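Here's the structure, in structure tokens; my notes come after.
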Amino acid sequence: MTDRFSSRNATPTSPAYDGFEITPDDAVPLEEVTRAIYVGIGGSMTATLISGETVTFENLPSGFVLPVRISHVLVTGTTAGALVGLV
């Protein structure tokens, strides 16, 4: 299959090239820092940004892509589900 962009370097604003399921955990970091998070089931998400700051994103709708670089999704304060880390 042809990939016209295979010779280009990925940047934080490039489209995602991989993804992984996120299981919220108060201690264990994500397997990789994200470019964005896909929210399959709407709700709130408490996350630690790569700056180290922990914030809660309220009222995220189902099917939403949140363009944010995070290292942790905490179970405490997270009601959103079917989360996918996009990288």
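Each residue of the sequence shown is one higher than the last, beginning at 46 in the working numbering.
Glycine included, each C-beta is placed from N, C-alpha and C at the ideal position.
From a predicted model like this one, the values you see are computed outputs, not experimental measurements.
Do residue j and residue i count as a contact pair if the criterion is CB distance below 7 Å?
{"i": "P112", "j": "A81", "result": "yes"}
{"i": "A125", "j": "M90", "result": "yes"}
{"i": "P69", "j": "V120", "result": "yes"}
{"i": "T79", "j": "G130", "result": "yes"}
{"i": "T101", "j": "G88", "result": "no"}
{"i": "I115", "j": "A92", "result": "yes"}
{"i": "I86", "j": "S59", "result": "no"}
Quick one, which of the options has its alpha-carbon nearest residue i's?
{"i": "L75", "options": "G85, L94, I86 and S59", "result": "L94"}
{"i": "H117", "options": "V110, S51 and G97", "result": "G97"}
State the beta-bridge partners of residue i as determined by DSSP.
{"i": "E66", "result": "V129"}
{"i": "I95", "result": "DSSP output for I95 lists no bridge partner at all."}
{"i": "V100", "result": "A92"}
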